[in-house]
Structures are given as C-alpha cells and as structure tokens.
Amino acid sequence: MNHQTYLCCHVDTMPPLDGNLNKAPWTHAPWTDDFVDIEGDLKPKPHLRTRAKMLWDATYLYIGAEIEDPHVWGTITERDAVIFYDNDFEVFIDPDGDNHQYYELEMNALNTVWDLLLIKPYRDGGPAVNGWDIAGLKTAVHVDGTINDPTDVDKGWSVEIAIPWKALAECAHKKAPPENGDRWRINFSRVQWETSHNTGSYIKTPGRREDNWVWTPQGVIDMHQPETWGEVVFSSQPPTLDVPRPAIEPATVVRRFLMQIYHAQRKRRSEKLGYTSKVSDLALPEVPKTITNLRIETTSSRFVATAESILGGKNETWQVTEDSRISRSL
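If you're matching positions, the sequence shown starts at 1338 in this note's numbering and goes up one per residue.
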C-alpha cells in the first residue's frame, strides 16, 4: 500500500481565503501526489485529477485542494447535512495517531460544510459527534467555470480551508500548533458521482456508486481506518517547491504489525473463536526484527497486544487494544 508523506511548511501570514490557490504563498508550496482510488492498485487511476497542499502558521492549519471537474455542481446548502451526497472534498485528521478522537470535514462546491468528531472508528463502535463544530473554521471555494450550468464545460473547483489549532488541540493531547518535526496522521478524499445532464440539470446515474479518490489509499472502501492515513511532518522552514518528501516514520513497522494483530483478533472474534493470547494462533507474517518481547493479554471481551522496540536509540513500548487504539510510551 502506498503510504504517503508530506512536509507542511510554515508561513508568517496568509492572504484572506477566496478558494483560489494561484497566489503566494500557495504557489511556493508543493502539491501532494495526484489522488488515487480508495482501494489503491485494485482499481484504475481516477480519470479526473485531484491534489492538495498544506501550510501552517501560529493560528491555523491551512489546506488547499484543486479538483478537476468539467461539470461543477452542488445542491446541499445546510451545514452538517450529509455532504457526500454531492461531489465533495473531505479532510480527516488524527493529531496524535492513536486511531481515536479524530476529525472529519467535508465540503461541496457551494462551500457547504459538514464537520464532525469521531470518538473512535465506526468499526469499533464510533460514535460520530455530528453536533460538534470546528470553532473558528474558515473555508472558501473558487469555481473555474459556472456552477450548476450543464450547458458549458468547466475546468473545476478549488478550496481553501483554515482550521484553528485551538480546535485541533482538543484531540491532539500534545502541543498545537505543532513543533518542528512533529508528525500527524491526515488523509484527504474526494467523492465523485457520475451524472447525466441531457435534461438541462445534473442527474445522478441510477444504480452507479460514487467514486472515492484519496491521497493515501485504504485498500477498502472505508476512510475510517486512521492507521492507513498519510503522515504530515510539520516544518518551521518557509515553503519551497523543491522541499524533499519526508521519510516514513521508523515506528511504522511496529504500528503496522500491531494492527495486523488487531485485524486477526477481530477475525477470530467474528468467527466465534474468541481472542487469543498466543501469537501463533493468528497466522501472522514473521515478527519484525525491530520488535522484542511481544505479548498478548486477553479477557473474554478485551485484549491488549504489547511490543517493545528500539527506535532512534530509545526503548519504546507500543500497545494496541481491541478497539484499535494504539499508544506508545518510552
């Protein structure tokens, strides 16, 4: 699976948001790779381009996205409605990377917003706090063409988003704004519906599912797998187009193996076999050489898998529990 990384550079000031990314400092920030299908290589590459950029200052995390679309349309105007019934752009942020307490933000070409807080993934019982709003959120949309006019061909639409660190700090459990070198788990998604417009208005193609195009693929049609999101590394340097892409976090090997344990335990429980404390029962690949003292403790309804590892010269202890929460201690 293609695990993406991005270096998010610092700016001192930003101009007012208008949705247009053809201005400094956005023009100095590199693009992400083009989005791919949510299932990754299992599906063809998207036929329309989507890509994003990120910046930050002392007050906000900034996200910009460019969405190629020859027919820009939107119908939903009520905040916190289910925005993905329209074509949309979506943001997912797990500040501390523990798979719990993460943010979701969706918006359509009409600049209608749906923001919500996930206590934990839906697979682990959720819930989603739909009434929660990002205090101080700013968003803007620029349409390169004419919205809701099927008689012409558009180039697409772009978005600017400013999320206050004060709101993100609620689930970060660490300093926000971040420090130089901090890593957050983030992913982006685009929902695109196939439509016809022979009747003079946009009509969704009956029986056709939406396309889901993302920055970092999930392997399945489910954005709520925070462990497979991309890594954003925050830098105090100003933006430059030739900034190198960060390396994947060294702990990724440990995290991935613990999540393999989690999924194997879930499979056993779904098969009425119950959780096991024996690694040999889980049909896992070979334990990575960076992991020592792997152990699993279970009860009838819970488990915790613990692994020790030396990363960057430090002894770390990692754990995953039956509700997919990952934690680390030194």
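Glycine is no exception: its CB is placed at the ideal position from the N, C-alpha and C atoms.
- Taking a contact to require three or more Cβ pairs closer than 8 Å, the region 1548–1565 and the region 1451–1463 qualify as touching.
- For secondary structure counted as the beta strand (DSSP E) over 3 or more consecutive residues, the region 1412–1445 holds these complete runs in sequence order: 1425–1431, 1439–1444.
- Setting aside the 5 residues that flank it on each side, Lys1492 is surrounded in the same chain by Asp1481, Gly1482, each with a C-beta closer than 6 Å to its C-beta; the list follows chain order.
- If the five residues before and after Val1570 are omitted, its C-beta is found closer than 8 Å to the C-beta atoms of Thr1342, Tyr1343, Leu1344, Cys1345, Gly1518, Asp1519, Arg1520, Pro1583, all from its own chain and listed in chain order.
- Look at Trp1410 here: in three-state DSSP terms it is coil, with no helix or strand label.
- The residues Ala1642, in chain order, have a CB closer than 6 Å to that of Ile1598 in the same chain once the five nearest residues on each side in sequence are set aside.
- If the five residues before and after Asp1374 are omitted, its C-beta is found closer than 8 Å to the C-beta atoms of Lys1380, Pro1381, Lys1382, Pro1383, Asp1548, Asn1549, Trp1550, Val1551, Pro1554, all from its own chain and listed in chain order.
- The region 1461–1472 and the region 1500–1507 touch, with no fewer than 3 CB-CB distances between them shorter than 8 Å.
- In the structure shown, the three-state DSSP call for Phe1372 is coil.
- Unbroken alpha helix (DSSP H) runs of no fewer than 4 residues, entirely contained in the region 1552–1613, are found at 1589–1607, following chain order.
- Membership of Lys1651 in the beta strand (DSSP E) is indicated by the continuous run 1651–1658.
- Inclusion of Val1478 and Ala1513 in the CB contact set at 7 Å is not warranted, their separation being larger than that value.
- Bounds of the alpha helix (DSSP H) holding Ala1506 are 1502–1509.
- Spatial neighbours of Ser1495 in its own chain (CB-CB distance under 6 Å, excluding positions within 5 residues in sequence) are listed in chain order as Gly1356, Leu1358, Glu1403, His1479.
- In this structure, the CA atom of Leu1354 is about 12 Å from the CA atom of Pro1362.
- According to DSSP, Gln1529 shares a beta bridge with Asp1548.
- Counting the other CB atoms within 10 Å of its CB gives Glu1568 a total of 16 or more, which places it among the buried residues.
- Across the set Ser1614, Glu1645, Arg1603, the C-alpha of Arg1603 shows the shortest separation from the C-alpha of Asp1461.
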